[in-house]
Structures are given as structure tokens and as C-alpha cells.
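Using the numbering used here, the first residue of the sequence shown is number 456, and each one after it goes up by one.
Yeah, the Cβ is synthetic: ideal placement off N, Cα and C, and Gly gets one too.
The next block holds one structure in the form of C-alpha cells; read it before the comments.
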Amino acid sequence: MIEANDSVQPQDLLPEERRKVIQKFLLENGSVRTTVLAAQINVSPITVRRDLRELAESEEIRLVHGGAVLAAPVLPVTNQDLSVKRDTNIEAKTEIAKKAASLIKDGDIIALNSGSTMELIINYFPTDFNSLTVIALGLNVACAAAQLPYVNLIVPGGTLRRSSQAFVGINAVHFLAGLRIDKGFFGAQAVDVEAGFTESSLEEVATNKQLLEICTHRYLAADSSKYGRVAVGKICDLDEFDGLIIDSNAPKTLHSWAAATGTQLI
Numbered sequence: 456m457i458e459a460n461d462s463v464q465p466q467d468l469l470p471e472e473r474r475k476v477i478q479k480f481l482l483e484n485g486s487v488r489t490t491v492l493a494a495q496i497n498v499s500p501i502t503v504r505r506d507l508r509e510l511a512e513s514e515e516i517r518l519v520h521g522g523a524v525l526a527a528p529v530l531p532v533t534n535q536d537l538s539v540k541r542d543t544n545i546e547a548k549t550e551i552a553k554k555a556a557s558l559i560k561d562g563d564i565i566a567l568n569s570g571s572t573m574e575l576i577i578n579y580f581p582t583d584f585n586s587l588t589v590i591a592l593g594l595n596v597a598c599a600a601a602q603l604p605y606v607n608l609i610v611p612g613g614t615l616r617r618s619s620q621a622f623v624g625i626n627a628v629h630f631l632a633g634l635r636i637d638k639g640f641f642g643a644q645a646v647d648v649e650a651g652f653t654e655s656s657l658e659e660v661a662t663n664k665q666l667l668e669i670c671t672h673r674y675l676a677a678d679s680s681k682y683g684r685v686a687v688g689k690i691c692d693l694d695e696f697d698g699l700i701i702d703s704n705a706p707k708t709l710h711s712w713a714a715a716t717g718t719q720l721i
């Protein structure tokens with residue numbers, strides 16, 4: 456995000472010239488703040504917002520709270536079986552899993568949704584815990600957690616979606632509604648700074664929405680390959696999470712968006 460000391464000489468610019476200045480800043484920095492840019496090019500914030508809206512209509516940029524970020528291309532969502540996902544992006548998922556596990560404390564009540572990253576988190580649970588309650592929304596996650604003697608394992612039931620091994624359906628949603636959880640960790644199929652956390656299975660959308668409601672603290676744990684993708688069912692906006700757990704290859708646009716919105720990147 457550019458700041459006030461990255462100045463250009465204030466001057467009267469034509470609209471097209473102003474937009475070129477904005478584009479240049481975005482290409483160099485990945486993001487711009489409305490107020491800073493207004494001061495630099497000697498126009499009102501209203502004028503800058505109008506220019507940003509014009510650029511957003513051409514899909515060159517994306518508007519965020521307080522400014523704009525470079526637009527990233529929206530990538531297609533891949534519907535792979537869990538058996539395939541386990542063998543992809545292992546290094547990035549491991550980096551995320553270690554960070555997620557470090558947030559868990561002895562005695563916590565936590566929830567993990569389905570997916571290969573959620574299963575991997577369990578491998579990095581501390582070994583010296585006395586007690587940990589785990590609500591597992593995936594059969595694979597439940598099976599991994601069941602191997603740890605200090606884990607009190609809870610599964611929501613419902614119907615098993617075989618491709619992702621997620622528990623879905625009205626019974627799962629109703630069961631979750633009666634719980635209270637300290638920390639929820641969410642693997643993702645598709646993440647985008649504008650579209651938010653999305654999923655192609657509407658049944659999984661419903662269970663994830665319910666899980667979000669009952670968690671005191673919420674963390675999105677998605678590797679860099681999931682960013683820039685949008686699926687049909689929206690679960691929530693990214694700023695509804697307490698933190699986004701990322702790998703070292705997370706896109707530059709995510710860092711710019713986080714700086715603009717005050718969202719924590721872990």
C-alpha cells in the first residue's frame with residue numbers, strides 16, 4: 456500500500472491522465488489508498504473514488520475498503536477427490552498446517568472442516584496436551600484425530616459427501632447449531648478477496664456457514680493455489696475471519712487487501 460511519502464508532484468490532470476497515474480501506482484505497489492492518492496494528485500477523495508470505479512468497471516482493479524488493489528484473474532474451481540488433493544501442494548499445506556497447530560492450546564474446543572489441509576493440521580498437534588476437544592466435519596479428519604489419546608472427538612453425523620469426505624445435510628447443520636467452539640479452522644476450495652470464501656457444493660456451504668456462527672475465533676487455512684478462484688456458493692467475506700493462515704506464495708493482491716482492510720495474515 457503506498458503511503459504519503461511516496462509522492463508525485465500535485466498537478467491538474469485530465470481524467471484519463473489521473474487514471475494512468477493510478478494504474479502506475481497499482482502496478483508498482485499492488486494497492487492504493489483513496490485518501491493518500493487524493494493528496495498526491497491534488498484532487499478530492501470523491502474524484503479518486505470515481506476514477507477507481509471507472510477502472511473497476513474495466514476489471515483492471517478491484518475496489519476494497521479505503522482504496523483498491525490490482526485485479527487478479529479469476530481461476531476455475533477444480534473438483535478433485537480428496538485422494539488427489541492429498542498429493543498436491545504438500546509443501547504449502549504443511550507450512551499452513553504448522554501455523555494452524557501453533558494456535559491451538561491445551562484444553563481448547565476446536566473445529567476443523569473437511570479437506571486435506573485440515574487432516575494435515577492434526578499431524579502437528581502438540582504432543583504434550585492433556586485434553587483437546589475436536590469437532591471434525593470430515594471423515595478423514597475424524598479418523599486422523601481418533602488416533603490421538605488426548606482428543607475428545609465429536610462428529611456431526613449427517614450424510615457423507617464421498618468426494619470431499621465432508622459430513623453434510625440438515626442433520627449435520629442442526630447438530631452444529633447446539634455447540635460452542637473456541638477456534639474454528641476452515642480449509643477452502645475457492646478464495647477471492649472480492650468474492651470471499653466460496654464452495655461449489657451448496658451442502659458444504661450450509662455446514663460451513665453454521666460452523667462459522669458457533670466459533671468464537673475463526674481462521675481460514677487455504678494454500679496459495681486456492682486464491683483467485685470463485686465457486687457458486689458464498690460462505691462469507693474474508694474479513695469475517697480473525698486471521699488468514701497463508702503460505703509463503705500467497706498472492707501480492709492478498710497482502711495489499713489485508714493492509715487495506717486490517718485483516719491479519721498469519
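| query | result |
| --- | --- |
| Is it buried or exposed for ASP583, if we count other Cβ within 10 angstroms and need 16 for buried? | exposed |
| The beta strand (DSSP E) that contains LEU587, what's its start and end? | 587-591 |
| Which one of SER618, ALA627, GLY522 and ILE551 has the shortest CA to CA distance from THR716? | GLY522 |
| Could you please give me the residues that DSSP links to LYS793 through a beta bridge? | Past the boundaries of the shown model lies residue 793; the chain is included only from 456 to 721, so the question cannot be answered. |
| Rounded to whole angstroms, what is the Cα-Cα separation between LEU709 and VAL685? | 15 Å |
| Span of the beta strand (DSSP E) holding HIS672? | 670-676 |
| In its own chain, which residues sit with a C-beta less than 7 Å from the C-beta of THR549, not counting the 5 before and 5 after it? | LEU575 |
| By DSSP, does VAL524 sit in helix, in strand, or in coil? | strand |
| When DSSP labels each residue in this structure, what does THR614 get in the three-state scheme? | strand |
| Cutting at 7 Å between CB atoms, please list the residues of its own chain near ASP461, excluding the five before and the five after it. | Annotation note: pLDDT 47 at ASP461 (below 50); position unreliable, coordinate value reported separately. So no residue of the chain qualifies. |
| At which residues does the alpha helix (DSSP H) containing ALA555 begin and terminate? | 545-557 |
| Could you round the C-beta distance between PHE630 and ASN568 to whole angstroms and report it? I think they count as a contact, below 8 Å. | With a Cβ gap of about 14 Å, PHE630 and ASN568 do not count as contacting. |
| Under three-state DSSP, which class holds ILE760? | No statement about residue 760 is possible, as the shown extent of the chain runs from 456 to 721 and does not include it. |
| For ASP561, count neighbouring C-beta atoms within 10 Å of its own C-beta (all shown protein chains included) and say buried if the count is 16 or more, exposed if not. | exposed |
| So is the beta-carbon of ASP647 under 7 Å away from any non-hydrogen atom of the ligand NAP? | Among the components of this structure there are no ligands whatsoever, and the ligand NAP is therefore not found. |
| Output the distance between the C-alpha atoms of VAL660 and ILE559, rounded to the nearest integer angstrom. | 25 Å |
| When you compare only the Cα positions, how much space is there between ALA705 and TYR682? | 8 Å |
| Please state if the CB of ALA643 and the CB of ALA677 are separated by a distance shorter than 8 Å. | yes |
| Mapping the DSSP letters down to three states, classify SER619 as helix, strand or coil. | coil |
| Going by beta-carbon coordinates alone, are ALA597 and LEU608 separated by less than 8 Å? | yes |
| Would DSSP call LEU518 helix, strand or coil? | strand |
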